[in-house]
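Below is one structure, written out as structure tokens; comments come after it.
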Amino acid sequence: MKLAILGASGHGKVVADTALQAGWQEVVFFDDAWPQLTEIGAWPVVGDSRALLETANTFDGVIVGIGNNAIRLAKTRELIDARAPIVTIIHPSAVVSPMARLCAGCVVFAGAIVQIDSRLGHACIVNTHASVDHDCVLEDGVHICPGANLAGLVHVGEVSWVGIGASLKQLIRIGRDVVVGAGAAVVEDVADSDAVVGVPARSIAQ
């Protein structure tokens, strides 16, 4: 099976490596830095985003490997509109409940956990050793960074970023386009477009 990844970056390399471990046999990249950029790690870069849109249906699967939440989601939506065969990739060491629901374009990396009745929108990332407990909702384009932990019934709004090692208390709501700082302990709701850091987490948005 052949996979196309849009976004030749460090994050893209982790997506490629995860895909190979999950059983994909061949990976190629597309990036708007092509033709100046012709390879990323062990993989070739064969075209730009326009070329991918034109050829997407020649691949068994397509996914966006861009770390920026808003860009990743926008590119994923372009591919959805083009009826590309967008896939979700789950590392074999991750634990994802068969009763969780993951929309197209998600990646779940090594050691991560997604528990029962959680729902992940398009283009979400659950990164290395992160955990998403029961009945959580991640809207489109959310990134749960390495080692972050969400207790049950947490709702995270579109394109929000939960930083490395952060902890989110059960039953709270994180708004849209929020940044939760590394190591933060979030114990109450966070408004749209806010940024919170610390233990307990407090707003630093101006």
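Just so we're aligned: 131 in numbering that gives the first Met the number 0 is position 132 of the sequence shown, and the numbers increase by one with no gaps anywhere.
Virtual Cβ for every residue (Gly too), placed ideally from N, Cα, C.
- Contact holds between the stretch 195-202 and the stretch 175-183, because three or more Cβ pairs, one in each stretch, are under 8 Å apart.
- When only Cα atoms are considered, Ile4 and Asp193 end up about 31 Å apart.
- A distance below 6 Å between beta-carbons, with the five flanking residues on each side excluded, links Ala99 to the following residues of its chain, in chain order: Val113 and Ser117.
- When only Cα atoms are considered, Ser159 and Arg82 end up about 26 Å apart.
- Collapsing the DSSP output to three states places Lys1 in a strand.
- The Cβ atoms of Ala147 and Val161 sit closer than 8 Å to each other.
- Glu53 counts as exposed, since fewer than 16 other C-beta atoms from the protein chains shown sit within 10 angstroms of its C-beta.
- A Cβ-Cβ contact shorter than 8 Å links Thr17 with Val106.
- Of the candidates His90, Val141, Ile203 and Val14, the residue whose Cα lies closest to the Cα of Ile70 is Val141.
- Straight-line spacing of the CA atoms in Val63 and Asp80 works out to 14 Å.
- Runs of the beta strand (DSSP E) lying entirely within the stretch 116-190 and spanning at least 3 residues: none are present.
- Secondary structure of Ser202 (DSSP, three-state): strand.
- For Gly60, the closest of Val177, Val189 and Lys1 by C-alpha to C-alpha distance is Lys1.
- Shortest Cα-Cα distance from Ala129 to any of Ile143, Leu51 and Glu138 involves Ile143.
- Annotation: Val86 is outside any beta strand (DSSP E) and is labelled neither H nor E by DSSP.
- Less than 8 Å separates the beta-carbon of His121 from that of Ala103.
- Within the same chain, Cβ atoms closer than 7 Å to the Cβ of Ala50 are found at Phe29, the five residues on either side in sequence being excluded.
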